[in-house]
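Protein chains in written order, with this note's numbering: chain A, -8 to 407; chain B, -8 to 407; chain C, 853 to 1129; chain D, 853 to 1129.
Laid out in structure tokens, this is it:
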């Protein structure tokens, strides 16, 4: 359960039995394929989730960047993002463990909707905790969860956002450890979550690696993935970690600036790998955004899915060891990349995903310095999700920033 | 270009050269695979579009209906529906024909967004005609088209809906036949459109047929697909037409009632196969909703994608010959089926798609008579699209109807 | 008087209005004003709910007429109520012709049209390939069937059409659908050249809006001019402004006269065409 | 006085408040009121921004305290400013302990805590598996490290914890996080039985809100009771109602006394435990 000094199990005592039980189940079912768990998981991922997703050549981006740019199309997974890979795995695992109730927390609602879908598919009762403020901002996702039969429990304590929802879900789990599984949505939290979520998501790199060989006869020179908590990142990297010829780039949200206001406790970015420091958050030791006292800072990103003050411990470790290069892209460049991909490839990406394309533009685009950019001739970008969920934000943020390649937005004043 | 007496080319003379040129291109590239057109089309459908889509066993529906229910997951195609199959085919064909401009009309915006995506992918300038009233009702789709680089031309003439947009697009095509291709969105219009769109969509049944054999070792006893214009229907049926053992059910929108108000010129349904009569609409002879004078009636459905007064001529023909059974499902049952599939299978379907599931419930559900229902033991339902586009309608309509299996909707009063 | 006869004494001026636009009574006055303004033939639109070949001007006329209660039955009454002596051509879409009466097919419609004095048809969505049954019915009742020749029509298609056409051929002056334009296309000359060998009057339409245009068109060889949108515009503007029907009728008559005069002037300026019969 | 000594003269009453809730000055008064009410040990919360083990009551106290400017540095000042003589236990999350000072690791925090007179720690997110460095620092500076034993803790995990615990063991009365409940769980008795063989005071917490509860808990074998949410509720209600701090302090003192009296009454009703040392 450790990645160097990172990882571990920093959780309330009451959760430890659940964690230990999960650890045991992880080893047996996920690592050991007991009762054919992994076979069923992979079959359901294919048939319900729509895997494998294509590794598609991006013709126009390949022209623009004068290299082979391939897109790993996780936006085509059922639900519109890689999130289902993990949610389906954990809900199925809970079934194998004999649990009969699923809980999860959600911020912007992506993990909640993926969990609700998986639960409907597998006939498991599902309750999602969500901050009241987030509920008001993400009504389409709340509606989706309810359509899929989940209960959405509003969390009104504190500021009514993700952090309060996490506490509330922990509290529920601590109260109902016997029959309930808590589906964590990223490669974060106490062991075995970071390893287990990585294993469920590693289907991304497993497929991409095979597809790269089929299409190009070799492994890619580099893989780019956006990084918030890091689940699509670890999923896209996992099977390439031992391939020294493939460079791995984790693109964090640079937000409006990398500077932090320690006194206000605010980091106007979510670049924990770049600007964070070692600490303990949500059950694991990892790299986090914190002030000098160790209080967690309020992070920011144009993309709510990247807006998290921590990062998975394994990713933090891989960055420390130099295997993964952490870079970051700010709100403006991400938004420009969002418009560019939509216009040039007919794929409206999630704002999260757009960060990875923003980095590609920065180092390989027309305004790049032209020096060796480290990406090589064959680049794979993980398209972690589709942008339909981000249309409102895209309108609002495009206005504020006056993105020059954006379409005329006049008729969208005031939103959709 | 004829299906019995149906089909033909009832178009203004100015369009005939374009139609003849298209007919020639259809024969050469689509039927003859000249220059490897079909190979490129299929490759792009796989890699850009995410094909093949799974044929997924619906575990809980199979239990409910006590038979094997399989879902053909067109909702997983890029863009969220089968629409891209056709749009990509036609835009690519236009490229092969040396055209350098694409136009299309759109009602609710689904065909427009699919066309805009295909054009961005293939680097073709794209203009979409859309009624001003539809633009106001379908702002997210308008925004999507613009994000993909398309121009959206508001049509203000008349009532500002689909029919005016069709006239306007015809007008544009008639003016710019030399360099422009008009992408029609369904198996309607003058020959070769009905055949060509069917051929692009028949990948659905081609895959389903193979997948059925792989999974069940035999062909399905029945295939169900919703029918508006009929493109997903013909796509789901085409390769099964010669398989006498497979019954084919086209499920039309029964709307609020099958009765029509001839004097008001209003059909409160879109069930042209069931209640319509022979006539000439939009370039083809087919079955249409018309009053005793031959004026086209205003159709209605809870699903804007089925809300069309005509139907593809080939489908009309297959119904006349008895090969396809036309049935219909009203607004209430479709909406209930929308909620049922969301809750039981974790798939929020398009309201169009929900009609097919409404029929399944009617003949095989707990309240069915129990007599031989004609569907057999192995049923394939075409999940033509996902329902994210329909969330607002679902809220509004669920309120109005008080659907008993719907989740508590209180917090959604007033929409998202 | 047959349609072809209308071309005997010089260039024919063929105006178009949608019957019943914006209401039955005014529309009768407007059509009659066209005759006073010099019309040689009048094209009367029977509005169809899906006018795919029309520009916005006529689309809106169709909406006004339908909202005013126009139907095929009312249309025939309208023709009977009209007090004009020039030949009338019914312009409509095929579905209305096909669906009229109890038996499907064009015969009942044509029979009825003949009985109220219609002389011919223009059916924009009926190409020569599909026009057999209508041509037959027209022959049976002695009516003409006018075809539209587009700038792009040539070769086999042109021949097929010219085999079936009677009355006159409607030469579409440019690509696009109907609508008043401020210039006349070069395509017109080329179309007229292509049609030179066929012994049927050639009336040019699409985009003619002034006497000066009419003059140029006829000078370049047309046997007649067809004007729709420019006249429908007058009806639309009068309707929107709430002008009384007499005023609007006067305006129509004035423009009609200008167009007719232009056509006549054009004919006088025409160089001799040795190849024309 | 060491923590264990506080259990010497009968059952210990251990109230909890978040330091600085809702503001620095009132909070000083409130903590002092607890001592007047009979506290034997006081648990002082140093608020952390992500209090994953807390229920809503204490989460909200944490927000109030943080918004009032509470920091680790201010917390130590707060302890120095407090005028109480009973031992103080600092309850906080590990990241604040780990990050304090220039070198990462718990030593600077423990050193500073010792210097201001803190006697021990409760760290809800630090299980025995990860507590080595903190235990070491506590030993160096003579502080106690309290562990929480859950109803589900047993076997190897329990042993590991009991090897490291000092001062007292915090017996979690039921599953779930903190929060006042109206009944006391059966799980408490079972937990106390499991712990019977270990020579360390057992203080029971989670859900105790009245003297009657306290009495029952002590009667069933607890060496002390820990009460948090019921007291924090008084602070929250006073804050919301805008009551002056003296009134709120009086209420805290009153409830504290009721709880202490309940605990004492419970001890007197306890059957003799021959197996206890």
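Built from N, CA and C at the ideal position, the CB exists for glycine as well.
- Judged by DSSP in its simplified three-state form, residue 961/C adopts helix.
- Against residue 177/B, chain C offers no close residue; the least beta-carbon distance is about 15 angstroms (beta-carbon pairs closer than 8 angstroms).
- Ranked by Cα distance from residue 96/B, the options 105/B, 76/B, 253/B, 377/B are led by 105/B.
- Annotation for residue 923/D: no alpha helix (DSSP H) segment contains it, and DSSP assigns it neither H nor E.
- With the rule of 3 Cβ pairs closer than 8 angstroms, the segment 4 to 11 of chain A counts as touching the segment 998 to 1005 of chain D.
- Across the structure, residue 272/B and residue 255/B are spaced so that their CA atoms are roughly 19 angstroms apart.
- By the Cβ rule, the segment 226 to 238 of chain A does not count as touching the segment 903 to 913 of chain D, because fewer than three pairs are nearer than 8 angstroms.
- For residue 1024/D, there is no enclosing alpha helix (DSSP H); the residue is found in the beta strand (DSSP E) stretching over 1021 to 1024.
- In terms of Cβ geometry, residue 123/B and residue 160/B do not form a close pair [threshold 8 angstroms].
- Closest by C-alpha distance to residue 333/A, out of 99/B, 108/B, 231/B, is 108/B.
- Look at residue 42/A here: in three-state DSSP terms it is coil, with no helix or strand label.
- Excluding sequence positions up to five before and after residue 1099/C, its CB lies within less than 8 angstroms of the CB of 1090, all in the same chain and listed in chain order.
- Under the three-state reduction of DSSP, residue 400/A is assigned to coil, being neither helix nor strand.
- For residue 940/D, the beta-bridge partners assigned by DSSP are 894/D, 970/D.
- Using a 10 angstroms sphere on the CB of residue 127/B, the tally of other CB atoms stays under 16, which defines it as exposed.
- A Cβ-Cβ distance of about 18 angstroms is found for the pair residue 855/C and residue 988/C, leaving them out of contact under the 8 angstroms criterion.
- The continuous alpha helix (DSSP H) containing residue 124/B extends over residues 123 to 128.
- For the set 208/A, 189/A, 125/A, the Cα lying nearest the Cα of residue 230/A is the one of 189/A.
- Interface criterion not met: the Cβ of residue 116/B is under 8 angstroms from no Cβ in chain A.
- Taking a C-beta cut-off of 8 angstroms against chain A, none of the residues of the segment 1082 to 1102 of chain D qualify.
- If you look at residue 15/A, you'll find it in the alpha helix (DSSP H) that goes 7 to 16.
- For the segment 878 to 911 of chain C, the beta-carbon criterion of a distance under 8 angstroms to any beta-carbon of chain B is satisfied by 900, 901, 902, 903, 904, 905, 906, 907, 908, 911.
- In the structure shown, residue 1001/D adopts extended strand secondary structure according to DSSP, grouped into three states.
- Just so you know, the alpha carbons of residue 337/B and residue 187/A end up roughly 23 angstroms apart.
- Nearest CB-CB separation between residue 335/B and chain A: below the 8 angstroms threshold.
- Using a 10 angstroms sphere on the CB of residue 947/C, the tally of other CB atoms reaches 16 or more, which defines it as buried.
- Contact check between the segment 916 to 930 of chain C and the segment 375 to 393 of chain B: fewer than three CB pairs, one atom from each, fall below 8 angstroms, which does not count as touching.
- Residue 1110/C counts as buried, since no fewer than 16 other beta carbons sit within 10 angstroms of its beta carbon.
- Taking the Cα of residue 162/B as reference, the smallest distance to any Cα among 67/B, 286/B, 144/B is reached at 144/B.
- Around the C-beta of residue 375/B, 16 or more other C-beta atoms lie within 10 Å, and the residue is accordingly described as buried.
- Neighbours of residue 976/D in chain A, taken as residues at a C-beta separation under 8 angstroms, are given in chain order as 3, 4.
- Interface criterion met: the Cβ of residue 339/B is under 8 angstroms from a Cβ in chain A.
- Of the candidates 897/D, 872/D, 928/D, the residue whose Cα lies closest to the Cα of residue 1097/D is 872/D.
- When the five nearest sequence neighbours on each side are left out, the beta carbons in the same chain lying within less than 7 angstroms of the beta carbon of residue 179/B are those of 185, 220, 273, 275, 301, 303, in order along the chain.
- The segment 280 to 299 of chain B makes no contact with the segment 196 to 205 of chain B, as fewer than three CB pairs between them are under 8 angstroms.
- In the structure shown, the three-state DSSP call for residue 99/B is coil.
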